[in-house]
Amino acid sequence: MIRPKTAPAPLTEIWRGPIAESVHLGHAVICGPGGDVIEAWGDPDVTAYPRSSCKMIQALPLIESGAADAAGLGPEQLALACASHQGDPIHTGRVEAWVTGLGLGEDDLRCGSHMPYGEETAHALIRAGDKPCQLHNNCSGKHAGFLTLNRHLAGHADYVDLDHPVQRACLAAFEEVTGESSPGYGIDGCSAPNFLGSLRGMGRAMAYFATATEGADARQTAAARLRDAMIAHPDLVAGEGRACTLLMRACTEPVALKTGAEGFFIAILPQRGIGIALKIADGATRGAECAIATLLVRLGALDADHPSARMFMNKVLTNCRGLKVGAIRPVPGLLR
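Numbered as in UniProt numbering, the sequence shown ends at 336 without a single skipped number.
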């Protein structure tokens, strides 16, 4: 994260007993239907990597190019293209079928492998004496989308290369929907380039996804289909017990949510034409999950008393004996 011009604002507090023991600082923007910032905390112009929070942007060329329709992709595959899934069978089975349907195999992916985030699935692998494969990677759906686009473009096998037509298309889409030129890139955990942008730009992009209408034009159609696929399949976007899945299910209106590594989070609220982007300065996921839940409550899209809202917005901390010793909660004023 490039040093902000304005200091990060307190967003989330960690309480123990009578005091706030720790505070997570960060930056957040809420952008309206025209893309303008209507509320902000910290520095709206801070530059950061959106990490996996921008997967729906990376998936725009998949649809705009005609590759998705040529491959017969439906909402489930589009949701997986935007996902950071936890490697459970509902994820890996669908990605495997998708890649196989392209006439390709797991070894054509370029995301690498890691243990599945789903605890039961990870334990099952260990018990069986098996190792994870690339299908278990949380980004395997995004990479299946890259493979689909690559086949359509007839590109070479290393589709994650910066100068590959797939990544050039992703950069063009990123700069167009954020409304700014990216000042650089880093290599993400899955080996794909992740382009730098401002928080304002990401908020603007999410507002674009919120207002996109299928049939208006190719870009809006792509954005609307990806947004609606995420909303329709929260279990594929993340997985059971994960913040994106639980909070999307809990919201009182359609909302698409997507976490990113190092404390990034976005929200797309189509009924309001609103986009949210936030970044916790120290990269803490717990701070980002609390902040996004709080902003959803602030906007009236989430009931503060819903168990999933309480899980992330007012999470009780227990010690090794199960005693309640503290809580994670938003700073005073973030709820209004």
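Every residue gets a Cβ at the ideal spot worked out from N, C-alpha and C, and that includes glycine. Remember, predicted model here, so these are calculated numbers, not experimental data.
- Message: So, with DSSP's three-state summary, where would you put His27?
- Response: strand
- Through-space distance from Gly239 to Leu302, alpha-carbon basis: 19 angstroms
- Beta carbon of Pro183, beta carbon of Thr47: below 8 angstroms? yes
- Under the three-state DSSP convention, the category Val95 falls into: The answer is helix: DSSP assigns Val95 an H, G or I state.
- Own chain, CB closer than 6 angstroms to Ala79, minus 5 neighbours either side, in chain order: Ala229, Met230, His233, Leu236, Val237
- Leu269 burial status per 10 Å Cβ neighbour count (16 or more: buried): buried
- Strand pairing of Ile14, partner residues [DSSP]: Ser22, Ile328
- Query: What is the C-beta distance between Cys139 and Cys190, in whole angstroms, given that I count them as a contact (C-beta under 8 angstroms)?
  - Reply: 4 angstroms
- Query: Using 8 angstroms as the threshold, is the region 251-271 in touch with the region 92-102, meaning 3 or more CB pairs across them?
  - Reply: As far as the Cβ criterion goes, the region 251-271 does not touch the region 92-102, which means the pair count is below three.
- Where Ala216 falls: helix, strand or coil (DSSP): coil
- Rounded C-beta distance between Ala267 and Met206? I'm assuming under 8 angstroms. With 8 angstroms as the limit, Ala267 and Met206 qualify as a contact, their Cβ atoms being about 7 angstroms apart.
- Item | Alpha carbon of Lys279 to alpha carbon of Trp15, nearest angstrom | 21 angstroms
- Item | Residue span of the beta strand (DSSP E) that contains Pro193, given as start and end | 193-195
- Task: Would you give the residue range spanned by the alpha helix (DSSP H) that Leu135 belongs to?
- Result: Leu135 -> no alpha helix (DSSP H), and no H or E assigned at all.
- Query: Between the Cα of Pro44 and the Cα atoms of Ala281, Lys142, Met311, which residue gives the shortest distance?
  - Reply: Ala281
- Message: With a threshold of 7 angstroms on Cβ separation, who are the neighbours of Ile57 within its own chain once the five nearest residues in sequence on each side are excluded?
- Response: Ala173, Phe174, Val177, Ala205
- For Ala281, three-class secondary structure by DSSP: In the three-state scheme derived from DSSP, where H, G and I count as helix and E and B as strand, Ala281 is classed as coil.
- Between the C-alpha atoms of Gly326 and Gly17, what's the straight-line distance to the nearest angstrom? Rounded to whole angstroms, Gly326 to Gly17 spans 6 angstroms at the Cα level.
- Determine the direct distance from the alpha carbon of Gly275 to that of Gly201, and round the result to whole angstroms. 10 angstroms
- Query: If we ignore side chains and look at the alpha-carbon of each, how far apart do Gly155 and Leu102 end up?
  - Reply: 14 angstroms
- Message: For the alpha helix (DSSP H) containing Thr148, name the first residue and the last one.
- Response: 140-153
- From the DSSP output, in three-state form, read off Ser198 for me. strand
- Task: Reducing DSSP to helix, strand and coil, say where Ala291 ends up.
- Result: helix
- Item | Short Cβ contact (8 angstroms threshold) for Ala291 with Leu199 | Taking 8 angstroms as the Cβ cut-off, Ala291 and Leu199 do not qualify as a contacting pair.
- Item | Pairwise C-alpha distance: Cys320 and Pro193 | If you take the alpha carbons of Pro193 and Cys320, they lie about 41 angstroms apart.
- Let me know the secondary structure DSSP gives Val46 once reduced to three states. Assigned with DSSP and collapsed to three states, Val46 falls in coil, not helix or strand.
- Is the region 61-80 in contact with the region 212-224, if contact means three or more CB pairs nearer than 8 angstroms? With the rule of 3 Cβ pairs closer than 8 angstroms, the region 61-80 counts as touching the region 212-224.
- Just the Cα atoms here: how many angstroms apart are Gly179 and Gly129? Roughly 49 angstroms between the two C-alpha positions.
- Item | Neighbourhood of Lys315 by C-beta, 8 angstroms cutoff - its chain only, sequence neighbours within 5 removed | Arg286, Cys290, Ala327, Ile328, Arg329
- Query: Which two residues bound the contiguous beta strand (DSSP E) that contains Lys258?
  - Reply: 256-260
- Between which two residues does the alpha helix (DSSP H) containing Glu119 stretch? 119-128
- Task: Look up Ala309 in the DSSP assignment and say whether it is helix, strand or coil.
- Result: For Ala309, the three-state secondary structure derived from DSSP is helix.
- Bridge partners of Thr318, per DSSP? Lys324
- Query: For Val166, does the count of other Cβ atoms within 10 angstroms reach 16, so buried, or fall short, so exposed?
  - Reply: buried
- Query: Between Leu147 and Asp108, is the Cβ-Cβ spacing less than 8 angstroms?
  - Reply: yes
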